[in-house]
Structure formats: structure tokens, C-alpha cells
């Protein structure tokens, strides 16, 4: 069975719209876009579109590709001090001449709805729920909530190793009382872990690494990484075969963006609630 | 076989003393002690003693138990701005009327040699080696380096779940390319993970949880948690039996303090090096 990610995303948006309308708040999300490539612009447009559906006001601040570090930091200060803006993001990647890390660290953690600021990483780690988790680990947790209700005592294996995304996910899963295994390319035998796990999360960028003989019937497979070879999308999991085996599998190409943005809207609403002391 | 932690700690101090002398630096470590219990004073004295042996100058700032939040924050500012002090610690616990978290967050991350500041937690997570890891996970890694040379591809299970210490340890182990499993009290069958692991790290506070039938011959067991019942120390691992089974076991009661402090001195030396741009 393939879980319909789009349907789940849609129901998340529907519920969020109801909550936000009920709250009487009008959350404002801003985005700083240093205009450098068309993909970034496409992502920003997608965020604006979804914001509209859940009563979140979206403000775009465009900056030229030759913007200086100082000009960008001034803009950050401006958004930090603007009490009408509840949360904002800096669309990545930034041009090479900009120090990305020092920009991220300048964002007020209370407005950092992308969850990239050290203080938010730390809050996720210590399970402080005033923090914002990054959107990718957040939607994985959201999917697992829907599929499993909870992950208490479940064995979850994460195959892959990435500083920004997967360590927060491991932390979120540990917080949720799962038994968490993190494998990487130096793990001698990945099958040893995947074959008896309830949940397998793939994030390696190695096409077809997870094959039919490596999972048990009924395993939930969440595959968020794909590689494009000759214009064709290849997932880490051998999709078609595993599907036939009866496992629940996500995602269906195309819905990852919508789910990621849903988490951004949720974080923006939470920021507005926290700032209103609700 | 029981590994002689004291001997390892001693050799760490010897090597550190040589490195520091060679560097020509005279690192300065300061400690703020809010005088509230005799255990804290004992820990401080131990730190001073070890600092002397490695050419680290130790400065103690004592404050009365009724110190206010503002007075304590002023002291933090003072130490942040004092360029002669390379690193400092605030001896915990602080009295109940003090907001511990906001004190820790005020420490300049570059001088936070206890590794408690969010920026250092984050740096450990993203594997930025200008950060300071907390001393307990740091000495566990140090022990594993000595016992195993490296942990690449090794299966390590951490039994226990603590926000401050064990998540950084999991991150350090993942950074070092180990396959990491984190179990907790909701894990249905801990033996399933301990019995085929190369390294078992115990941190539950449940006496004798790890028994002979739960590990294979040759497993390295690191047990950092003990519980005192009727004046007697109980470790998480059933020590005597596992020892007979031929596994390497640490610690021997009494050396944990020395190893923890060794990491504090190492962090202080690294802070001095970083501040001198070496």
C-alpha cells in the first residue's frame, strides 16, 4: 500500500486553517529571497500559495544577488524587530559570498520557523516544546503519528547520516520513546537492522539500496531522498517491489514539498501563539 | 577484565601537561561557585587539584547562597569580558531562586568549557570542531578510542535516555561512524540489542539491569551511572558476573571524577588555543 501523502498534507492544511481561524490570530510569515536561481523562486511561490489556504499572511522581501553581508544582516535585524512578523525564513541556498551560518545565527530563535537556529536545535534535543523542529524531521514525525498513532517501543532504523536533518529526527524519535538505530555507509550489514524494524527511514541518496529481502511484511518505509539520473527519479527504496510486499510506503513523488510547507505553517502558527502568550 | 580508569586518566593528564607546556600558553580556567552544599565545594577542590597538575591556572569566584540573578549575571558578563580567562564553569546545581538555564545561556560559548551552551550542543551535532562537547560524553568517547582505536562500523547500544548527556553522546558516536542504537525503558526487549553489540553504554540508574546473559563475550561495557542504596553503590551492570565473562568493563568506582575533569582541562586548553588562533 502506498500512503497518499497528498491527502494527508491536505487534511493537515484543512485542520490548521480551522485552528488558525478559531484562534482569532492572523499569523504573519515573511521570507527573505536573495534572487539567485529559479528553483528558489518556485519554492517561495509554493509557500505563498499554501500560506493563503491557512490564513497566514505571507510577506516576501526580495534582495539582489549582489546583496552584501551587512545589508542582509540589516534586513534580519529589521524582521527581528518588526513585531507584526511572527516568523520568517531565509530561502537557502544563499550566494557564495554570503556567510550563511552567521545569517542563520542572527535570526531571532523565536521567529526561526525553519528550525535552523542553534537554540532551536538545542530545544529539540532537550525536548523543550517552545522550540521549532526543522520541517523535514517534523513531517516524518507527523506521518508516523498518523500511521502508528505513537512510536513508543517501536524499532526505528534511520539509514543515512546528515547533520542538519537526521540527528534532529533521531532526537525527536528518542523523545517519543522509540528505540532508534542510526546506520551509515560504514555499517557492515544494514539488512540486519532493516529486516526486523517496524519503521525504516531512508536518506542515503543511493538508488535502490533498500530491497525486497531487507524488510519484513508490514514495515513502514519512509523514503525522503531521491536521486535524479538521466531525468528519472530514483528513490533509496526499491519502490515497486516493496509495494507488492504489502508494506506501507511513503512518499509518492510530489507531496514532499506540500508536507514540508505544512510544517512551516504549523511552526508559524505556533510562533504567533507563543508571541501572543496563548 | 576491568580497565583501569585511573591509569587512563593519569596518562591523559600526563600527555595534556606535556602539550600545554610545549604550547607556551598558560590557560586560565575559572569557576563560579554559589556556596550551597559541601559536595559542590568538594568537586571544585578536585578541579583545582587537577588543574595544577597540567599547568592550568585555576581561579575561583565564590558567591553567597543568597546571590541574586542580576548579581550572578553581572559576574558572567565580567568573566565573558575578561580576556585573561580562557574558559569557565558555573558549578551546578544553583540555588532554587536562580534561573539556571538563563545563566548557562549567558556564558560566552567560546568560554563554555562545560559544553552546556546551546551553541556548543549544536556544534557537536553538526560536527563543528570549534565546539566543546560536555565532559561526560567526551570521556566516554576517549575511553572508546583507547579500547577500540576507532568505532567505525561498530554496533554501540546506549541504554538510557537523558537529554543533556546521552543525545550528545549519540551524536558523537554517529559522527565517529558507529552504528548507534538508543534504547529506553519502553524498549520491549533490551537484550535483543545488548546481546549482539560490540559496545554497551549503561545509563539508567536501575541497579543490575545488565546481566550476564545479556552480553556476548568481549563486549565493552561502559557504565557511568550508579545508585546508592543503604550506603552501598549499585551499578547498572551486574559487575562481578560480567567481569568473569571476560568482557572489558569500565568504570572502577572512583575514577569517573578524574576522567570528567580531564575533559574539562582539555576543553580549557582547546579554548586557549582557539583564542590564541593556534
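Chains as they are written, first to last, in this note's numbering: chain A, 162 to 439; chain B, 162 to 439. Beta carbons: idealized from backbone N, C-alpha and C, even for Gly.
- Proximity of residue 314 of chain A to chain B, defined by a Cβ-Cβ separation below 8 Å, is satisfied.
- For residue 387 of chain B, the beta-bridge partners assigned by DSSP are B:396.
- By the C-beta criterion, the stretch 355-362 of chain A is judged to be in contact with the stretch 381-395 of chain A, since at least 3 inter-stretch pairs fall below 8 Å.
- Close to chain A, meaning a Cβ-Cβ distance shorter than 7 Å, are the following residues of the stretch 254-280 of chain B: 279 and 280.
- By the CB criterion at 8 Å, residue 189 of chain B and residue 246 of chain B fall inside the cutoff.
- Residue pairing of residue 436 of chain A in beta bridges, as defined by DSSP: absent, with no partner found.
- Look at residue 303 of chain A here: in three-state DSSP terms it is helix.
- Looking from the CA of residue 291 of chain B, the closest CA among B:272, B:312 and B:343 belongs to B:272.
- For residue 191 of chain A, no alpha helix (DSSP H) encloses it; the enclosing beta strand (DSSP E) starts and ends at 189-195.
- Under the three-state reduction of DSSP, residue 248 of chain A is assigned to strand.
- Taken through DSSP and simplified to helix, strand or coil, residue 163 of chain B comes out as strand.
- According to DSSP, residue pairing for residue 411 of chain A in a beta bridge involves A:383.
- Each residue's CA atom was taken as its position, placing residue 406 of chain A and residue 163 of chain A some 11 Å apart.
- Judged by beta-carbon spacing, residue 248 of chain B lies beyond the 8 Å limit of residue 420 of chain B, meaning their Cβ atoms are not closer than that value.
- At least 8 Å separates the CB of residue 439 of chain B from every CB of chain A.
- Around the beta carbon of residue 392 of chain A, fewer than 16 other beta carbons sit within 10 angstroms, so the residue counts as exposed.
- When C-beta distances to chain A are compared with 7 Å, the residues of the stretch 294-313 of chain B below that value are 313, in chain order.
- Contact between the stretch 212-228 of chain B and the stretch 274-288 of chain B is absent: fewer than 3 CB-CB pairs across the two stretches fall below 8 Å.
- Secondary structure of residue 371 of chain A (DSSP, three-state): strand.
- With respect to the 8 Å criterion, residue 215 of chain A and residue 177 of chain A are classified as neighbours on the basis of their beta carbons.
- Contacts between residue 347 of chain A and chain B, judged by CB atoms closer than 7 Å, involve 313, 314 and 338 in chain order.
- CA-to-CA, the gap between residue 351 of chain B and residue 207 of chain B works out to about 36 Å.
- Secondary structure at residue 218 of chain A: strand, using DSSP grouped into helix, strand and coil.
- Apart from sequence neighbours up to five positions away, the residues of its chain that approach residue 400 of chain B with a beta-carbon distance below 8 Å are 384 and 410, ordered along the chain.
- For residue 180 of chain B, there are no CB contacts under 6 Å within the same chain when 5 residues up- and downstream are skipped.
- Below the 7 Å Cβ cutoff, chain A contributes 328 as neighbours of residue 332 of chain B, in chain order.
- Boundaries for residue 319 of chain B: no alpha helix (DSSP H) harbours it, while the beta strand (DSSP E) harbouring it runs 316-320, taken from the DSSP string.
- Rounded to the nearest angstrom, the Cβ distance from residue 333 of chain B to residue 274 of chain B is 17 Å, too far for a contact under 8 Å.
- Bounds of the beta strand (DSSP E) holding residue 342 of chain B are 340-344.
- Using a 10 angstroms sphere on the CB of residue 428 of chain B, the tally of other CB atoms reaches 16 or more, which defines it as buried.
- Against residue 376 of chain A, chain B offers no close residue; the least beta-carbon distance is about 17 Å (beta-carbon pairs closer than 7 Å).
- In this structure, DSSP gives residue 313 of chain A a state outside helix and strand, which the three-state scheme calls coil.
- Its Cα nearest to that of residue 192 of chain B, the residue B:209 stands out among B:209, B:198, B:184 and B:342.
- DSSP places residue 237 of chain B inside the alpha helix (DSSP H), whose first and last residues are 230-242.
- Here residue 185 of chain A is exposed: its Cβ has fewer than 16 other Cβ atoms, across all protein chains shown, within 10 Å.
- Short of 6 Å from the beta carbon of residue 338 of chain B, and not among the five residues preceding or following it, lie these beta carbons of its own chain, in chain order: 313.
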